[in-house]
Structure formats: C-alpha cells, structure tokens
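**Student:**
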Amino acid sequence: MPDVPPLRATPLNSVHRALGARMVDFGGWDMPVQYTGIVEEHRAVRTAVGLFDVSHMGEIEIRGPEAGLLTDHVTTNAVARLQPGQVQYSGLLYDHGGFVDDVLVHKVADDHYFLCVNASNQDKDFAHIRSNNRFDATVENAGGRYAQIAVQGPQARATLQKLTPVDLAAIRRYWFADGEVSGCPARIARTGYTGEAGYEIYIPPADAPRLWNELLAAGCEFGVKPVGLGARNTLRLEAKLALYGHEIDASISPFEADLAWIVKLDKGDFIGRDALLKQRESGLRRKLVGFEMRGRGIARDGYEVLSNGVPAGWVTSGSPSPTLNKNIGLCYLPAEEAQPGKPIQVMIRNQPVDAVTVETPFYKRAK
Amino acid sequence: MYPENFRYTKEHEWVLVEEDTATIGITDHAQQELGDIVFVDLPKAGARLEQGASLGSVESVKAVSDIYTPVSGEVTEVNATLADKPEALNRDPHGAAWLVKVKLSNAAEVEGLLSAADYQAYIGAEK
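Chains as they are written, first to last, in the working numbering: chain A, 4 to 370; chain B, 1134 to 1260.
1) I need the DSSP call for A/Leu-244, collapsed to helix, strand or coil.
2) If we cut at 8 Å on Cβ distances, does A/Gly-40 have a partner in chain B?
3) Going by Cα to Cα distance, which pick from A/Gly-23, A/Ala-83, A/Leu-244, A/Ser-58 is closest to A/Arg-214?
4) How far does the alpha helix (DSSP H) with A/Ser-17 in it reach, from first residue to last?
5) Starting from the N-terminal side, write out each stretch of the beta strand (DSSP E) that is 3 residues or longer and does not extend beyond the region 313-339 of chain A.
6) Between A/Val-36, A/Asn-136, A/Pro-346, which has its C-alpha nearest A/Thr-78's C-alpha?
7) Helix, strand or coil for A/Ala-51 per DSSP?
8) Spatial neighbours of A/Gly-298 within its chain, please: C-beta separation below 6 Å, excluding the five flanking residues on both sides.
9) Using the Cβ count rule (16 or more neighbours within 10 Å means buried), how would you classify B/Pro-1203?
10) Any beta-carbon of chain B closer than 8 Å to the one on A/Thr-74?
11) Below 8 Å, how does it come out for the region 1236-1250 of chain B and the region 1136-1148 of chain B: are there three or more Cβ pairs, yes or no?
12) Can you tell me whether A/Phe-225 is helix, strand or coil according to DSSP?
13) With distances taken Cα to Cα, identify the nearest neighbour of A/Ala-245 among A/Leu-107, A/Leu-22, A/Gly-40, A/Gly-201.
14) For A/Ala-159, is the classification buried or exposed, using 16 other Cβ atoms within 10 angstroms of its Cβ as the cut-off for buried?
15) Below 8 Å on the Cβ atoms is my contact criterion, and I expect A/Asp-252 with A/Phe-102 to pass it. Report the Cβ-Cβ distance as a whole number of Å.
16) List, in chain order, every chain A residue whose beta-carbon is nearer than 9 Å to that of B/Gly-1168.
17) Taking 8 Å as the CB-CB cut-off, is A/Ser-58 touching chain B?
18) Is it buried or exposed, B/Lys-1260, if we count other Cβ atoms within 10 angstroms and call 16 or more buried?
19) Please tell me whether A/Asn-323 has its Cβ less than 8 Å away from any Cβ of chain B.
20) When you compare the CB of B/Lys-1260 with every CB in chain A, is at least one pair closer than 8 Å?
21) Assuming A/Tyr-196 contacts A/Arg-235 (C-beta within less than 8 Å), just tell me the rounded distance between them.
22) Would A/Glu-199 pass as a contact of A/Gln-151 if the rule is Cβ separation under 8 Å?
23) Report buried or exposed for A/Ser-254, applying the criterion of at least 16 other Cβ atoms within 10 angstroms of its Cβ.
24) Would you check if there are 3 or more beta carbon pairs closer than 8 Å linking the region 107-127 of chain A to the region 272-285 of chain A?
25) When burial is assigned at 16 or more other CB atoms within 10 Å of the CB, is A/Pro-325 buried or exposed?
26) Please determine, among A/Glu-259, A/Val-36, A/Gly-61, the residue with the shortest C-alpha to C-alpha distance to A/Asn-16.
27) For A/Thr-237 and chain B, any beta-carbon pair shorter than 8 Å?
28) Straight-line CA distance for A/Asp-181 to A/Cys-223?
29) Could you tell me the boundaries of the alpha helix (DSSP H) in which A/Gly-71 lies?
30) Using a 10 Å radius around the Cβ and a threshold of 16 neighbouring Cβ atoms, would you call B/Val-1235 buried or exposed?
31) List, in chain order, every chain B residue whose beta-carbon is nearer than 8 Å to that of A/Arg-352.
32) Nearest chain B C-beta to A/Arg-297 closer than 8 Å, yes or no?
33) May I have the straight-line CA-CA distance separating A/Glu-217 from B/Thr-1209, to the nearest angstrom?
34) Any Cβ of chain A within less than 8 Å of the Cβ of B/Val-1197?
35) Less than 8 Å separating the beta-carbons of A/Val-308 and A/Gly-316?
36) Using a beta-carbon distance below 8 Å, is A/Arg-276 in contact with chain B?
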C-alpha cells in the first residue's frame, strides 16, 4: 500500500460536519463541497450573502528592508505601485513564463508583504520564492497562523459590519484594513472569488469557529448561507476568474490565460519576463476564450474542442451556470480563433455538440 | 424509502418489473449523492440495451454520472419530461422521475439483482 498522507483539516472542519456538509478531498484538504445544494448556495451569494471557509488557502509573509524588491522580483504585477493597505492580483511565474501560482499581494508596509496563495501550491510557492531570495528579506510560510473566511454577496457588508468597528464602506475594492472582528485581530480585505462585492478576513485559527457562528447569526436576517467549494467554482466561473490547475498551470503564460493586465513588462526585471517578451514578439499560439453550449450537453473540464471540425483545443472549466441558466465554459483555442462569436463544437461522450464562443465575463454584477 | 417491490443494483439503479416490462430509474441514494440534477441523457425508444452497458447519464452541477443498464431489453418508452425538468430526479426518483421502460429479453437477469433490504445494507456499508 502506498503511503497516503491523512487529509488536512481547517479549524472549521467540525463546524462543517455539524452543518451536515458533504466533504471531499480537495488537493489534500478535507473540505465542504456543499451544505444544502450548489444551486441554492450559488443563488444566496448572488442575491444575499454567503460564508466560505477558505482557511485552506496559504499565506506567505515577506518581511525586511528589501521585502518589496523580492516581492516585485517574483511576481508579474507592479509591486512598486502598491500603497500600504492595497491588494494586487498577480502571477508567480517560472523562468519559462508558465505559472507557479496566481496570488494576491497585500502591502502591509514598505517592509512587509502578505501573499494569499492557493492551498495546494503553498509549499511549492514558498520554496520558489525562497530559492529566488537574493534580497535582504525573510520569507515565512505562515499558513498555519491564519484561518480565512470569505463573506460574499450584496449583503456582505451589512453582515460583517455588525461584528466590527472598522468602517467597511471606507475600504475600497482591492484594499484592506487591519482591525478587529468580534474582538479578535483580523485583516479585512475587500477581495473575493465570486464576482460579487465582499470581504475576505484573515483571523487566528482558534477564533474561527466562534467567528463563523457569529457571522451566520449576523447574516441570518439577510438569508445567509454557508457555501461550499461546488458553488465557489460556479461563481468564479461565471465571473471568469482563473483557477489554478484549470485555466492556468506551469504550461500556461499570463498572456495565453487572458491575464495580460497582471503583467507589467515595463516595471523592470522579474522572473519570467524574458520568456513573456519573447512570446509577445513571436505571437501567442493559443488563448483562453469563453463559450456557451448551443446544443444539448454540458462541457466539462478536459473535454476536447473542435473548430472547423478538427481538434483545436480543450475545455479548462465547464459547468451549468445557475445565474444564467446556460451551460458555459472556458477553453483554449488557437489564438487567431479565440474571438467571440465563433461556432465551435465540444466533444461530449464521443459526440460533437455545438457551442459558440462569447464575450466574458459571463456574469457581471450591477454596480 | 426503498420500495420492497423494486430490485436494485450496486450502481444505484432500480428496476420495477410488471409482466414483461421493466421500469428503470436511479435510487434516492444516487440523487442525494449527485446533488442538484441539471441534465439527463437517455436512449431513444427502440434502442436495444445489454445488461451492464451504458444506459445514459445524469449530470449534477458538479459531476457526470453514468447509468448502467440493469436488465437487457428493448426500450419501449422514455420519460420525456426529464429533458425539460431534470430536477424532478431530485424530488421523486422512485416515482414520476423514472428514466426508461424496457421490454425484457432475459427475465432471469432480474433474479440476480438486489432486494430492497440487500440494497439498503449495501449503501449503509458504503458510508
């Protein structure tokens, strides 16, 4: 028998089980995939408020006089443009231009950066950053010191505001504030992975169960629901937010993934820059594009995509969209074909089924 | 919960035999495991199915689940309401949301299926 390491559990594991959640192995973590139903949980986030346990996400802290230089060197976005309290979506790349991970960079202070990284990548990310640290900075793999709860939806602010003296309206999108939530120290970031307004709060693990229950009570009047990874995936897909292992991985560059906006080639040298410059000159071979099914069928991750009747790409994410009542997906196609309005076919159980490429995001929240 | 007059498979299908016709569906356990069902793919009337071969598929938001043919025969009727209302499978999997009716070509196959008690013991042990 091969040695299978035991699943890792977040501090909220027993809370999920008490709520009757269905648990799955998600990249080595024992996580709730749904509580009452994916569609119902999805709708709660679009119309009211949902709570997500995202404590499996990793945190990496970079500190020291040259913390900014190191962070800038290992990420694609312009760290120098960040002010204290600001957050930036960014890419961590290999020299060849493929993704190590996608990350959120929080600038705490000139000498302190806080990175939120994908759960299953955190050890790899930590090793990657440390091995590229030729700066006067320290790198800490700090995942164990934080639990993280996401409060997302139109009633997220009203829910969270009941528990914190921090003026949430004053936190702009992609900024954060350090303060208290129900008496415990918290980093409150106005970020999310759902396409809705909301907050992601970083708290001490020991306080997580109490805060979770207080948030559920605070959101009760709005119809709050705990939301599992199933709806987290449909929500992020509708908003066309990339998921590592699907839209991005070591073989995919930010340009291919339609994430050119997180690459600042003019900021100076960073890991992967030379490869990206080369790719910009030689042109992209493939690019990510959204599609809707026209025929009967649901495209799923990994299905083959045909263009003009011949294999041309693959589905990175596909699902029914609970908000749009359509079957949607993202796929890679040859770059010149990755434009909206192109008829394609998706191979579903050995049958080609009609689809058409469309503008993304599929869903955009009304401002 | 699991009707005594049905027979069951370890793949979570049920069969109700009336004379030489078998009505086939998926079990309540199967719909619970799947969650919100959003798509059902079934054969057409006239299709000949062999025991153990693919009968079609049921999809939830999250996953695709294959359905296997529990008993051989020719499809005489398909539950057409499921194309527009696949969610009926979550509400009434043992009743209105049956999948297909099959004219049995080998009635002896039914004897090899599980009884309600055996099926419940099986899903109890699976947990």
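Backbone N, C-alpha and C define an ideal beta-carbon position, used for all residues, glycine too.
**Tutor:** According to the structure data:
1) coil
2) It does; some Cβ of chain B falls within 8 Å.
3) In the sequence on display, residue 214 of chain A carries Leu and not Arg. Measuring from the Cα of A/Leu-214, the nearest candidate turns out to be A/Ser-58.
4) 16-21
5) 313-324, 329-337
6) A/Asn-136
7) Reduced to three states, the DSSP call for A/Ala-51 is coil.
8) If we look at A/Gly-298 and ignore the five residues flanking it on each side, its Cβ neighbours are Val-356, Asp-357.
9) buried
10) no
11) yes
12) helix
13) A/Leu-107
14) buried
15) 6 Å
16) Arg-25, Val-36, Gln-37, Gly-40, Ile-41, Val-42, Gly-233
17) no
18) Here B/Lys-1260 scores only 49 on pLDDT, less than 50, and its place in the model should not be relied on; the value that follows carries that caveat. The residue in question, B/Lys-1260, is exposed, as its Cβ has fewer than 16 Cβ neighbours within 10 Å.
19) The question names Asn, but residue 323 of chain A is Pro in the sequence shown. Yes, contact with chain B.
20) The pLDDT assigned to B/Lys-1260 is 49, lower than 50, so where the model puts this residue is not dependable, and the model offers no usable value.
21) 7 Å
22) no
23) Its Cβ having fewer than 16 others within 10 Å, A/Ser-254 is exposed.
24) no
25) buried
26) A/Val-36
27) yes
28) 25 Å
29) 70-77
30) buried
31) Asp-1174, Ser-1190
32) no
33) 56 Å
34) yes
35) Closer than 8 Å, so yes.
36) no
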